[in-house]
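Comments concern the structure below.
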Amino acid sequence: MVGLGETNAEIIEVMRDLRRHGVTMLTLGQYLQPSRHHLPVQRYVSPDEFR
Numbered sequence: 052m053v054g055l056g057e058t059n060a061e062i063i064e065v066m067r068d069l070r071r072h073g074v075t076m077l078t079l080g081q082y083l084q085p086s087r088h089h090l091p092v093q094r095y096v097s098p099d100e101f102r
């Protein structure tokens, strides 16, 4: 899950570490605040940014 304040560099570093350890498939989900009583979204990443 992403969206809790991590940087793009941190995400890429984790993805590289996973690949080095043999992971060949990764599913990412984005945190979306379910209500105002939950942690706020730090930054919404639009689907275009994943292209």
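Quick note on numbering: the sequence shown equals residues 52 to 102 in the working numbering.
From the three backbone atoms N, C-alpha and C, an ideal C-beta is built for every residue, glycine too.
Closest Cα partner of residue i within the set the options
i, options, result
"residue 101", "69, 81 and 86", "81"
CB contact flag (residue i, residue j, <8 Å)
i, j, result
"residue 77", "residue 84", "no"
"residue 53", "residue 79", "yes"
Beta-carbon proximity list for residue i, same chain, < 8 Å, skipping 5 on both sides
i, result
"residue 86", "none"
Cβ neighbours of residue i in the same chain (closer than 6 Å, five flanking residues each side left out)
i, result
"residue 56", "93"
"residue 72", "none"
Practice task
State whether the region 83 to 95 contacts the region 64 to 73, with contact taken as three or more CB pairs (one from each stretch) at a distance under 8 Å.
Solution key: no
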